[in-house]
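A.B. asks:
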Amino acid sequence: MLSAINKKTLPESTLEDAFDRLFIHEKISGQQAYLQAVDDTKKMIADTIRVMKDTYCGESAASIEEMIKGMRMATEGGEDLQEVLKDVEKMLLHSIHVNHKACIAHLHCPPLIPALAAEMVISASNQSMDSWDQSSAATYLEEELIQWLCRRLGMESRADGTFTSGGTQSNYMGLLLARDAFCDKQWNWNVQKKGLPPRAGKLRILCSKEAHFTVKKSASQLGLGEEAVIQVETDSSCRLSLTDLEQKLRNLKSENLLPFALVGTCGTTDFGSIDPLNEMADAARTNGLWFHVDAAYGGALLLSKNGFYKFQGIERADSVTADFHKLFYQPISCGAFFLKDKRNFNYLNCHADYLNPEEDEQEGLRHLVNKSVQTTRRFDALKLFMSLRSVGIKQFGEMVDHTIELAHQTSKQMQKLSVFTVINPLPELNAIVFRYEHPAVKDNCELNREIHRAMLHSGKAVLAKTVHKGRVCLKFTLLNPRTSIEDIKEMLHEIEELGESLHRNGGHL
Numbered sequence: 367m368l369s370a371i372n373k374k375t376l377p378e379s380t381l382e383d384a385f386d387r388l389f390i391h392e393k394i395s396g397q398q399a400y401l402q403a404v405d406d407t408k409k410m411i412a413d414t415i416r417v418m419k420d421t422y423c424g425e426s427a428a429s430i431e432e433m434i435k436g437m438r439m440a441t442e443g444g445e446d447l448q449e450v451l452k453d454v455e456k457m458l459l460h461s462i463h464v465n466h467k468a469c470i471a472h473l474h475c476p477p478l479i480p481a482l483a484a485e486m487v488i489s490a491s492n493q494s495m496d497s498w499d500q501s502s503a504a505t506y507l508e509e510e511l512i513q514w515l516c517r518r519l520g521m522e523s524r525a526d527g528t529f530t531s532g533g534t535q536s537n538y539m540g541l542l543l544a545r546d547a548f549c550d551k552q553w554n555w556n557v558q559k560k561g562l563p564p565r566a567g568k569l570r571i572l573c574s575k576e577a578h579f580t581v582k583k584s585a586s587q588l589g590l591g592e593e594a595v596i597q598v599e600t601d602s603s604c605r606l607s608l609t610d611l612e613q614k615l616r617n618l619k620s621e622n623l624l625p626f627a628l629v630g631t632c633g634t635t636d637f638g639s640i641d642p643l644n645e646m647a648d649a650a651r652t653n654g655l656w657f658h659v660d661a662a663y664g665g666a667l668l669l670s671k672n673g674f675y676k677f678q679g680i681e682r683a684d685s686v687t688a689d690f691h692k693l694f695y696q697p698i699s700c701g702a703f704f705l706k707d708k709r710n711f712n713y714l715n716c717h718a719d720y721l722n723p724e725e726d727e728q729e730g731l732r733h734l735v736n737k738s739v740q741t742t743r744r745f746d747a748l749k750l751f752m753s754l755r756s757v758g759i760k761q762f763g764e765m766v767d768h769t770i771e772l773a774h775q776t777s778k779q780m781q782k783l784s785v786f787t788v789i790n791p792l793p794e795l796n797a798i799v800f801r802y803e804h805p806a807v808k809d810n811c812e813l814n815r816e817i818h819r820a821m822l823h824s825g826k827a828v829l830a831k832t833v834h835k836g837r838v839c840l841k842f843t844l845l846n847p848r849t850s851i852e853d854i855k856e857m858l859h860e861i862e863e864l865g866e867s868l869h870r871n872g873g874h875l
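Per my numbering, the very first residue in the sequence shown carries number 367; after that it's consecutive.
1. Within this structure, are the beta carbons of G673 and D767 separated by less than 8 Å?
2. Residues in the same chain with beta-carbon distance under 7 Å from A661, minus the five sequence neighbours each way, listed in chain order, please.
3. Sort N554, C573 and L572 by Cα distance to P564 and report the nearest one.
4. So, under 8 Å CB-CB, H658 and A683 are touching, yes? Tell me the CB distance rounded to an integer number of Å.
5. Tell me the DSSP secondary structure of I861 in three-state form.
6. Alpha carbon to alpha carbon, how far is A399 from I390?
7. Where does M367 land, buried or exposed, given buried means 16+ other C-beta within 10 angstroms?
8. Looking at the unbroken beta strand (DSSP E) that takes in A718, where does it start and where does it end?
9. Comparing alpha-carbon positions, which option in H733, V629, H472 and N846 lies nearest E465?
10. List the residues that DSSP assigns as beta-bridge partners of Q597.
11. On the three-pair Cβ rule with 8 Å, is the stretch 697 to 716 touching the stretch 521 to 533?
12. Assuming R709 is part of the alpha helix (DSSP H), what are its boundary residues?
13. Can the beta-carbon of A483 be found closer than 8 Å to that of M765?
14. Based on DSSP bridge pairs, tell me the residues matched to D880.
15. What do you reckon, are the CB atoms on I817 and L864 nearer than 8 Å?
16. Flag this pair as yes or no: are the beta carbons of I854 and Q779 separated by less than 8 Å?
17. Return the chain-ordered ranges of every beta strand (DSSP E) run that is complete within the stretch 709 to 790 and spans a minimum of 3 residues.
18. Any idea what DSSP makes of I640, helix, strand or coil?
19. On the three-state DSSP scale, how would you describe M367?
20. For a test of the three-state rule: what should DSSP assign to K808, helix, strand or coil?
21. With distances taken Cα to Cα, identify the nearest neighbour of K835 among D636, T769 and C475.
22. Inspect the CB distances between the stretch 381 to 388 and the stretch 415 to 435 and report whether three or more fall short of 8 Å.
23. Buried or exposed, going by whether 16 or more other CB atoms sit within 10 Å of the CB of P625?
24. Output the distance between the C-alpha atoms of L844 and N722, rounded to the nearest integer angstrom.
25. Quick one: Cα of T441 to Cα of I434, how far?
26. Does any residue of chain C bring its CB to less than 8 Å from the CB of G396?
27. Short check: CB of V598 to CB of L588, under 8 Å?
28. Would you report the Cα separation of C549 and L590, rounded to the nearest angstrom?
29. Between which two residues does the beta strand (DSSP E) holding V629 run?
30. Once the 5 residues before and after K373 are set aside, which same chain residues still bring their CB inside 8 Å of it?
31. Output the distance between the C-alpha atoms of L511 and G396, rounded to the nearest integer angstrom.
32. Can you tell which of Q448, L731, D453 and G665 has its C-alpha closest to the C-alpha of M439?
33. Label R616 either buried or exposed according to how many other C-beta atoms from any shown protein chain fall within 10 Å of its C-beta, with 16 as the threshold for buried.
34. In chain order, what residues of the same chain have a beta carbon less than 8 Å from the beta carbon of H804, not counting five sequence neighbours either side?
35. Jot down the residue ranges of each uninterrupted beta strand (DSSP E) in the stretch 397 to 470, minimum 3 residues, whole runs only, in chain order.
36. Under a Cβ-count criterion, where at least 16 other Cβ atoms within 10 Å of its own Cβ denotes burial, should Q761 be classed as buried or exposed?
So this is what it looks like as structure tokens:
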């Protein structure tokens, strides 16, 4: 138990012992304090999850804010950890229950137990993945896992990568390196040294209209501006239209603009749609474009037995984004960025005598900061390593395939019920976008908004709300492999009853 320490009451000789109880180290006092803290915390978590029967407690945002404001943020003399955990427990009871089978709103997964165990090791060892002398063995484990993942992606021997905080950082890195590589080859211009070249205003990035918002965000942060992103139309399945891509490329050429990157999406956020990657790779090669694939969502197909074929073409990408805190079931955050040719990491190189001096590289020491836009970085690779070893590739694939099959079963079930309209009746991954449509209501947008709100605050389910072609829709994101079709049927029944009740009461419960 971590008791409060009051320096005034302790003689000088015992101060060291008091501090010892605050850290884990070789002395028994530190080890006992750590074990007690872990025991108290794990009991609190298990007890809390046991009583959390619903997806959400139902409280309003304002009431939860007031509850948190009522908590002490710090104490002068410290207090027993068990007292602090009482407030933590209260906070968890008012949080979204991501492990619940009906928590199906976002790309927000239930974490695997081996990964939770890894989090303990990561936090206790506190390795910093920027320089070798802060991460020694962890450096090599991350490097080996990156190479294993490169091989699974079908990339060639020159491929390399790095762990990232997630899709936003990975997409940014892909477009950063694409920009700098283009400027180097086109104009012999070193952006890192000189800043943007005079003709940077002509640079353009192409992606589908369904691509992740971070393509535009990256363009703005790279000094190109959001208007540098050219959005390509999509087909009826929300995949990039190759016909419109060809037209957009002709238009850019006629306007003397300079397309340098093409972004393909393997799993759009709303529909889980997968762009035609092979054909896009052909177009990129023909037009001299850097081909980046955002597989933050769909990257788990590399472990799928039934869906791996949808991945065809990703091995031809110049760079790839993958998120492990989605369909790999890792705690947030855990992502990776991959490069076909590791030499392109040179555009990130920046040496500091106190961190990653050049002579260390010459002596064979690896400083992973040379491959990242981050400096201090967690040892997140350990989570995936322990999960892959403990769960196994076969069972990982079965979990992913189960959720995709569940999406198909859900679509078929909805199509049997007249009040549901499924927007993507043949889901590519495990996302279903749909509308509840009451036969007596002309525009059901407000009704769908109220269903979303009511399901959340009733604790029955956490659903997502989105807009498609100007109409409010609901969405199931079926990441949890424990969710069954029977669970889905129960949720659909709840939505039907709720929609009818809201209609009878003029949109109010």
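Just so it is clear, CB atoms sit at the ideal spot from N, CA and C, and this is done for glycine as well. Quick caveat, the model's predicted, so the values are computed rather than measured.
C.D. replies: Taking the structure as given:
1. For the purposes of this step, residue 673 is taken as the residue at position 307 of the sequence shown. For the purposes of this step, residue 767 is taken as the residue at position 401 of the sequence shown. Taking C-beta atoms as the reference points, G673 and D767 count as a pair closer than 8 Å.
2. Locating residue 661 in the sequence shown gives position 295, counting from the first residue. When the five nearest sequence neighbours on each side are left out, the beta carbons in the same chain lying within less than 7 Å of the beta carbon of A661 are those of C632, G633, I680, V686, T687 and A688, in order along the chain.
3. For the purposes of this step, residue 564 is identified with residue 198 of the sequence shown, where counting begins at 1. Considering only alpha carbons, the answer is N554.
4. Residue mapping note: residue 658 aligns to position 292 of the sequence shown, counting from 1. Residue mapping note: residue 683 aligns to position 317 of the sequence shown, counting from 1. Between A683 and H658 the Cβ distance is about 6 Å, and since that is below 8 Å, they are a contact.
5. Taking the sequence shown and counting its residues from 1, the one referred to as residue 861 is at position 495. I861 falls in the helix class under three-state DSSP.
6. Locating residue 399 in the sequence shown gives position 33, where the first residue counts as 1. Locating residue 390 in the sequence shown gives position 24, where the first residue counts as 1. Straight-line Cα distance between these residues: approximately 8 Å.
7. In the sequence shown, the residue the question calls residue 367 occupies position 1. Bear in mind that the predicted position of M367 carries a pLDDT of just 45, short of 50, making it too unreliable to give a figure here.
8. Locating residue 718 in the sequence shown gives position 352, counting from the first residue. Looking at the DSSP string, A718 is not in any beta strand (DSSP E), and its letter there is neither H nor E.
9. Looking up residue 465 in the sequence shown gives position 99. A small correction: the amino acid at residue 465 is Asn; Glu does not occupy that position in the sequence shown. Nearest option by C-alpha distance: N846.
10. Numbered from 1 along the sequence shown, position 231 holds the residue referred to as residue 597. Partner(s): C573.
11. Touching, yes.
12. Residue numbering aside, residue 709 sits at position 343 when the sequence shown is read from its first letter. Secondary structure note for R709: it is in no alpha helix (DSSP H), with a DSSP letter that is neither H nor E.
13. Looking up residue 483 in the sequence shown gives position 117. Looking up residue 765 in the sequence shown gives position 399. Contact: no.
14. No answer is possible for residue 880: it lies beyond the span of the chain, which begins at 367 and ends at 875.
15. Your numbering for residue 817 matches position 451 in the sequence shown. Your numbering for residue 864 matches position 498 in the sequence shown. Cβ atoms of I817 and L864: closer than 8 Å.
16. One-based indexing of the sequence shown puts residue 854 at position 488. One-based indexing of the sequence shown puts residue 779 at position 413. Pairing I854 with Q779 gives a Cβ-Cβ distance under 8 Å.
17. Runs of the beta strand (DSSP E) lying entirely within the stretch 709 to 790 and spanning at least 3 residues, in chain order: 786 to 788.
18. Residue 640 sits at position 274 when you count from the first residue of the sequence shown. Here I640 sits in strand by DSSP.
19. Residue mapping note: residue 367 aligns to position 1 of the sequence shown, counting from 1. Unreliable placement is indicated for M367, whose pLDDT of 45 sits below 50; the coordinate value is still reported in the next sentence. M367 carries a coil assignment under DSSP once its states are collapsed to helix, strand and coil.
20. Taking the sequence shown and counting its residues from 1, the one referred to as residue 808 is at position 442. In this structure, DSSP gives K808 a state outside helix and strand, which the three-state scheme calls coil.
21. Residue 835 sits at position 469 when you count from the first residue of the sequence shown. When each option's Cα is compared against that of K835, the closest is D636.
22. The stretch 381 to 388 is not in contact with the stretch 415 to 435.
23. In the sequence shown, residue 625 corresponds to position 259, counting from 1. By the neighbour-count rule (16 or more Cβ atoms within 10 Å), P625 is buried.
24. Along the sequence shown, read from residue 1 onward, the residue named residue 844 stands at position 478. Along the sequence shown, read from residue 1 onward, the residue named residue 722 stands at position 356. So the two alpha carbons sit approximately 43 Å from each other.
25. Against the sequence shown, residue 441 aligns to sequence position 75. Against the sequence shown, residue 434 aligns to sequence position 68. Here the C-alpha atom of T441 lies approximately 16 Å from the C-alpha atom of I434.
26. Considering every chain present, this structure includes no chain C. It has just one protein chain.
27. Taking the sequence shown and counting its residues from 1, the one referred to as residue 598 is at position 232. Taking the sequence shown and counting its residues from 1, the one referred to as residue 588 is at position 222. For V598 and L588, no; Cβs fall outside 8 Å.
28. Counted from its first residue, the sequence shown places residue 549 at position 183. Counted from its first residue, the sequence shown places residue 590 at position 224. Cα to Cα, C549 sits roughly 13 Å from L590.
29. Along the sequence shown, read from residue 1 onward, the residue named residue 629 stands at position 263. L624 to T631 is the extent of the beta strand (DSSP E) around V629.
30. The residue you call residue 373 lines up with position 7 of the sequence shown. With a pLDDT of only 47 at K373, under 50, the local geometry of the prediction cannot be trusted, and the value read off the model is given with reservation. Here the set comprises L381 and A384.
31. Residue mapping note: residue 511 aligns to position 145 of the sequence shown, counting from 1. Residue mapping note: residue 396 aligns to position 30 of the sequence shown, counting from 1. When rounded, the separation of the alpha-carbon atoms in L511 and G396 is 32 Å.
32. In the sequence shown, residue 439 corresponds to position 73, counting from 1. If we check each option's Cα against that of M439, D453 comes out closest.
33. Stepping through the sequence shown from its first residue, residue 616 is reached at position 250. Exposed, because fewer than 16 other Cβ atoms sit within 10 Å of the Cβ of R616.
34. Locating residue 804 in the sequence shown gives position 438, counting from the first residue. Exclusion of the five residues before and after H804 leaves V785, N810, L813, G865, E866 and H869 as the residues of its chain whose Cβ lies within less than 8 Å of its Cβ.
35. Segments of the beta strand (DSSP E) lying fully in the stretch 397 to 470: there are none.
36. To locate residue 761, count along the sequence shown from 1; it is residue 395. Looking at its Cβ environment, which holds fewer than 16 other Cβ atoms inside 10 Å, Q761 is exposed.
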